[in-house]
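Written out below as structure tokens is the structure these notes cover.
Protein chains in written order, with full-length UniProt numbering: chain A, 1 to 265; chain B, 1 to 269.
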């Protein structure tokens, strides 16, 4: 409990630090390519095209999902997946790849995974804006439901930060954890309603995955289908329960080991 | 004068692992796993404001470990280190981000050290001037020569105006002109009454620069006192060590290893 408050306090007081560091992170990640930041859009576009082709036409034969054409259903869910996917992987290795630059124990270490995640948030917001614009040319124009979107972005951020506290700590101690994280993330793509629509008992199982809530929430806001947050109170409570439990475990682990991160190098 | 660095009974223990699986066992088992290696044993000393202390000792005697602990980069296994004021470590490996420009690196490094936006803005021109790398300041660091890199690193570390400075064999960076410039900066710090720890293998530099010396041998303090007393003794030891036959040197190293495998091992003998 106490370590959770320590971590939360650190995050809030280092707000400026997180912002600056995340911008540097973004800069150094895209410095080598001629197209720079544009890759943050090109990459998802290529992936979306192939998923649309394989799952939309190949497997579904062009059938809509609940009356929504597959391509929009795919787009509105995948837009958050790119953010989640990159953030989980990058944040998991964030501490052990950067500890040598930190060189000061008094640095608020819990900020490291956060700023890595925030650096991914910029391109995510860009992508969301782009998807919103594209949707304006379809039947799914902006609706009052859109106001839920900031809430779901916040949810995603919270989930990622609390998860990354666990993964970044464990993978600093035992590098293999990062490998485990990478393969779990790869599986998550199929265990979240992103490419195919689960039904029946399979759906019940997949709802355990907290990403279910986020992806469906994004969809409801972007496509304007429902007040997802209010209509699914149980799922909302479950989601925040998961986040708080992960935050508790993550900050306890992080605070316990952070003074010795250097020793695990 | 007031004490700025108080080191009390500091131990630094490392575990030696020959396989990654042993490392894993060490994490899982409550008692740990692996052979102990004490890089530092029972180090206690105090330094006052204005002290310039040379750290001397042969390779592997724990000089760098001790300087990292004083600078707050590495935590001690047991014991306490109390430092009053901001500490700064100047090492050859300056930890710059290769992808970013020199200017960005200045801001990044200062942010990491906990400075505010305003303070960084004030320090930036001073750092750029001291580093003296001209137009390269807006180039990514990966294009720098090694001399430029260490100059920039050095410039950042000294401009943050620390109260306690740990210099780890870094005065030898750059050409003569820069070496002179950094030496002058050090003398300036010395006059301002900062506490400086100075790690070097060059006895000339130590004699020129330090007031007292701390001689480390296999992770223990062999001697601590004024330069005039410690350094001649250390030089005598060096001469003796060099004159040893191979067999004797090997014996000496074995003795060192035995001592560094822990207090228990030494007591058992």
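C-beta atoms are modelled at their ideal positions from N, C-alpha and C, and glycine is treated no differently.
Using a C-beta to C-beta distance shorter than 7 Å, which residues of chain A count as neighbours of residue i?
i            : result
residue 97/B : 28, 101
Can you tell me whether residue i is buried or exposed, with buried defined as 16 or more other CB within 10 angstroms of its CB?
i             : result
residue 154/A : exposed
residue 276/B : The question about residue 276/B has no answer here: the residues shown for chain B are numbered 1 through 269.
residue 51/B  : buried
residue 243/B : exposed
residue 205/A : exposed
residue 244/A : exposed
residue 213/B : buried
residue 29/A  : buried
residue 193/A : buried
residue 32/B  : exposed
residue 258/B : exposed
residue 268/B : Unreliable placement is indicated for residue 268/B, whose pLDDT of 37 sits below 50; the coordinate value is still reported in the next sentence. Its Cβ having fewer than 16 others within 10 Å, residue 268/B is exposed.
residue 168/B : buried
residue 9/B   : exposed
residue 87/A  : buried
residue 214/A : buried
residue 260/B : buried
residue 38/A  : exposed
residue 27/B  : exposed
residue 249/B : exposed
residue 241/A : exposed
residue 27/A  : buried
residue 215/B : buried
residue 220/A : buried
residue 135/A : buried
residue 105/B : buried
residue 266/B : Unreliable positioning characterises residue 266/B in this predicted model, as indicated by a pLDDT of 44, which lies under 50. The coordinate reading is nonetheless provided below. By the 10 Å Cβ count, residue 266/B comes out exposed.
Interface residues of chain B around residue i at Cβ under 8 Å?
i             : result
residue 60/A  : Per Cβ cutoff of 8 Å: no residues; residue 60/A is ~42 Å from chain B at best.
residue 259/A : 75
residue 31/A  : 99, 100, 140
Starting from residue i, find everything on chain B with Cβ-Cβ shorter than 9 Å and list it in chain order.
i            : result
residue 16/A : 111, 116, 117
residue 21/A : 108, 111, 112
Using a Cβ cut-off of 7 Å, pull out every chain B residue sitting near residue i, in sequence order please.
i             : result
residue 266/A : Only positions 1 to 265 of chain A appear in this structure, which leaves residue 266/A out of reach.
residue 219/A : The premise fails here: residue 219/A is roughly 36 Å from chain B at the closest Cβ pair, so nothing lies under 7 Å.
Could you check how far apart the C-beta atoms of residue i and residue j are, in whole angstroms? I think they sit under 8 Å.
i             : j             : result
residue 273/A : residue 222/A : A question about residue 273/A goes unanswered here, because the residues of chain A that appear run from 1 up to 265.
residue 54/B  : residue 206/B : 4 Å
residue 63/B  : residue 4/B   : Actually they are not in contact, since the Cβ atoms of residue 63/B and residue 4/B sit about 20 Å apart, beyond 8 Å.
residue 138/B : residue 101/B : 5 Å
residue 6/B   : residue 82/B  : 4 Å
residue 74/B  : residue 89/B  : Residue 74/B to residue 89/B, Cβ: 10 Å. No contact.
residue 218/A : residue 80/A  : 5 Å
residue 44/A  : residue 82/A  : 5 Å
residue 111/B : residue 17/A  : 6 Å
residue 169/A : residue 257/A : 6 Å
residue 107/B : residue 120/B : 6 Å
residue 247/A : residue 1/A   : The pair is not a contact, with the Cβ atoms about 11 Å apart (cut-off 8 Å).
residue 40/B  : residue 12/B  : 4 Å
Is there a Cβ from chain C that is less than 9 Å from the Cβ of residue i?
i            : result
residue 40/B : Given the protein chain composition of this structure (A and B), no chain C is represented.
Let me check one thing: in DSSP terms, what residues is residue i bridge-paired to?
i             : result
residue 54/B  : 198/B, 213/B
residue 38/B  : 13/B
residue 46/B  : 6/B
residue 225/B : 213/B
residue 124/B : According to DSSP, which records beta bridges pairwise, residue 124/B is partnered with nothing at all.
residue 220/B : 217/B
Chain A partners of residue i, CB-CB under 8 Å?
i             : result
residue 226/B : Near residue 226/B there are no residues of chain A at all, since even the closest Cβ is about 32 Å away, more than 8 Å.
Taking 8 Å as the line, does the beta carbon of residue i fall inside it for any heavy atom of the ligand SAM?
i             : result
residue 136/B : As far as ligands go, the structure on display features none, and thus does not contain the ligand SAM.
Which residues in chain A have a C-beta closer than 9 Å to the C-beta of residue i? List them in chain order.
i             : result
residue 104/B : 24, 27, 28
- [ ] Starting from the N-terminal side, write out each stretch of the alpha helix (DSSP H) that is 4 residues or longer and does not extend beyond the segment 56-144 of chain A.
- [x] 70-92, 94-102, 111-136
TODO: Enumerate, from N- to C-terminal direction, the unbroken alpha helix (DSSP H) stretches of 4 or more residues contained entirely within the segment 128-177 of chain B.
DONE: 146-159
- [ ] Tell me the start and end of each unbroken alpha helix (DSSP H) in the segment 62-110 of chain B that is at least 4 residues and wholly inside, in chain order.
- [x] If one requires a minimum length of 4 residues, the alpha helix (DSSP H) runs lying completely within the segment 62-110 of chain B are 63-71, in chain order.
TODO: Let me know the alpha helix (DSSP H) ranges lying completely inside the segment 138-214 of chain A, each 4 residues or longer, listed in chain order.
DONE: 148-173, 176-188, 201-206
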